[in-house]
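Chemist: Supplied in C-alpha cells, the structure appears directly below.
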Amino acid sequence: AQKVTQAQTEISVVEKEDVTLDCVYETRDTTYYLFWYKQPPSGELVFLIRRNSFDEQNEISGRYSWNFQKSTSSFNFTITASQVVDSAVYFCALSGGDGGFKTIFGAGTRLFVKA
Amino acid sequence: DGGITQSPKYLFRKEGQNVTLSCEQNLNHDAMYWYRQDPGQGLRLIYYSQIVNDFQKGDIAEGYSVSREKKESFPLTVTSAQKNPTAFYLCASSLGASLAGELFFGEGSRLTVL
C-alpha cells in the first residue's frame with residue numbers, strides 16, 4: 169500500500185528563518201509522482217510542485233526549494249527567509265503505485281510564521 | 738476566471754437529514770473528485786469521476802453518493818447513513834485521470850451536524 173507521512177504536525181518560526189517540512193512516502197511502484205500543496209486559511213489547496221519518480225533533481229522556485237531523495241523515500245520542502253504570508257497548512261501527496269492515478273495525501277504540516 | 742465553485746460554504750444539518758454539496762468547474766476538466774478533511778488528518782478520497790456518467794468509490798465512500806450528469810458538475814450527497822458527517826469537504830478537478838494530474842481545488846464546504 170502507498171502512504172505519505174508528514175511527521176511534523178505544527179512548526180512555528182520567526183519571520184526570516186528558514187524552515188524545512190519533511191515528507192516520507194511509501195510505494196512499491198517504480199513510476200509515481202510527488203506533489204506539494206499549500207492550504208491557506210481560505211481553505212482551497214494550491215498546487216506548488218510536481219516531481220516524477222525518475223527525476224531526482226532538486227528544484228528551486230524563488231524562496232521555495234524541494235529535495236527529492238529516492239534512497240530515503242523523502243521529498244522535503246524548504247522555505248528560505250520565511251514570511252508571514254507563508255503561514256498555512258502544507259500537504260505532501262503521492263499518486264501512482266497501487267493507488268493508480270488516485271492522489272494520496274499526508275496529514276499536513278501547519279506552519280506558523282510570526283512577525 | 739476559471740476555477741471551481743463549491744456551495745454552500747457553511748452548512749448545518751440535523752441528524753437524519755440528507756444534504757447535497759454543489760461543485761461546479763469551468764476549467765473543462767474531465768476528472769473530478771471529492772475529498773474529506775478532518776482536523777489533523779490528510780485529505781481522504783470519497784468519490785471520483787474520470788468522465789461524464791461514470792464515477793468510482795474512493796477510500797471512504799460509505800454514506801455518500803454522487804452523480805456526474807454534466808462535465809461541469811459533480812454534486813456530493815451526504816446521506817443519513819454517514820455516521821460522522823461533520824467535516825470539511827473539498828472538491829477538486831484535473832485535466833485528465835493521470836498519475837501526473839495536478840489537482841485544482843475549490844474553497845471547500847464545511848458541514849456541521851447538530
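Chains as they are written, first to last, in our numbering: chain A, 169 to 283; chain B, 738 to 851.
In this text, a Cβ means the ideal position worked out from N, Cα and C, and glycines have one as well.
(1) Measure from the alpha carbon of LYS206/A to the alpha carbon of each residue in THR271/A, TYR258/A, ILE272/A, then state which is nearest.
(2) DSSP three-state call for ASP223/A: helix, strand or coil?
(3) Would you kindly check if the distance between the Cβ of ILE247/A and the Cβ of VAL187/A is under 7 Å?
(4) Looking at SER263/A and TYR201/A, is the spacing between their C-beta atoms short of 7 Å?
(5) To the nearest angstrom, how far is the alpha carbon of PHE280/A from that of GLN174/A?
(6) Considering only the beta carbon of each residue, do ASP190/A and ASN226/A sit closer than 7 Å?
(7) Can a CB atom of chain A be found closer than 7 Å to the CB of PHE811/B?
(8) Hey, would you say GLN787/B sits closer than 7 Å to LEU780/B, going by beta carbons?
(9) Hey, would you say HIS766/B sits closer than 7 Å to LEU813/B, going by beta carbons?
(10) Which value, in whole angstroms, describes the spacing of the CA atoms of SER744/B and SER229/A?
(11) Less than 6 Å separating the Cβ of ALA283/A from some heavy atom of the ligand FMN?
(12) What are the partner residues of SER233/A, as DSSP defines its beta bridges?
(13) Along the chain, where does the beta strand (DSSP E) containing LEU758/B start, and where does it finish?
(14) Report back the beta-carbon spacing between VAL803/B and TRP771/B to the nearest angstrom; my notes put them in contact at under 8 Å.
(15) Using a Cβ-Cβ distance cut-off of 7 Å, determine whether GLY843/B contacts chain A.
(16) Using a Cβ-Cβ distance cut-off of 7 Å, determine whether GLU761/B contacts chain A.
(17) By how many angstroms is the C-alpha of TYR826/B removed from the C-alpha of PRO209/A?
(18) Mapping the DSSP letters down to three states, classify LYS794/B as helix, strand or coil.
(19) Can you give me the C-alpha to C-alpha distance between VAL756/B and VAL253/A, rounded to a whole angstrom?
(20) Is it the case that the Cβ atoms of ALA249/A and LYS184/A are separated by a distance below 7 Å?
(21) Hey, would you say CYS828/B sits closer than 7 Å to GLY843/B, going by beta carbons?
(22) Is the beta carbon of TYR784/B sitting closer than 7 Å to the one on PHE792/B?
(23) Considering only C-alpha positions, which residue in the set ALA798/B, PRO776/B, THR823/B, PHE841/B is nearest to LYS751/B?
(24) Would LEU699/B pass as a contact of GLY739/B if the rule is Cβ separation under 7 Å?
Modeler: According to the data block:
(1) Of the residues THR271/A, TYR258/A, ILE272/A, the one whose Cα lies closest to the Cα of LYS206/A is TYR258/A.
(2) Looking at ASP223/A - three-state DSSP - the assignment turns out to be coil, as it is neither helix nor strand.
(3) With contacts defined by Cβ atoms closer than 7 Å, VAL187/A and ILE247/A form a contacting pair.
(4) Their beta carbons are under 7 Å apart, which means TYR201/A touches SER263/A by this criterion.
(5) Distance between the alpha carbons of PHE280/A and GLN174/A is about 16 Å.
(6) Cβ atoms of ASP190/A and ASN226/A: not closer than 7 Å.
(7) Against chain A, the CB of PHE811/B has no partner CB under 7 Å away; the residue lies outside that interface.
(8) Not a contact, by the Cβ cut-off of 7 Å.
(9) No, Cβ-Cβ distance for HIS766/B and LEU813/B is not below 7 Å.
(10) Approximately 33 Å, taken between the alpha carbons.
(11) The model depicted lacks the ligand FMN and carries no ligand whatsoever.
(12) Answer is ILE228/A, THR246/A, bridged to SER233/A.
(13) Start and end: 756-762.
(14) Here VAL803/B really is in contact with TRP771/B; their C-beta atoms are around 7 Å apart, less than 8 Å.
(15) Yes, GLY843/B lies at the interface with chain A (some Cβ there is under 7 Å from its Cβ).
(16) Not flagged as an interface residue toward chain A: GLU761/B, since no C-beta distance is shorter than 7 Å.
(17) PRO209/A and TYR826/B: Cα-Cα distance of roughly 15 Å.
(18) In the structure shown, LYS794/B sits in a strand (DSSP, three-state: E or B).
(19) Looking at the two C-alpha atoms, the distance is approximately 35 Å.
(20) Yes, Cβ-Cβ distance for ALA249/A and LYS184/A is below 7 Å.
(21) Going by C-beta atoms, CYS828/B is nearer than 7 Å to GLY843/B.
(22) Here TYR784/B is near PHE792/B, since their CB atoms are less than 7 Å apart.
(23) The shortest C-alpha separation from LYS751/B is found at THR823/B.
(24) Because chain B here runs from 738 to 851, residue 699/B falls outside it and cannot be looked at.
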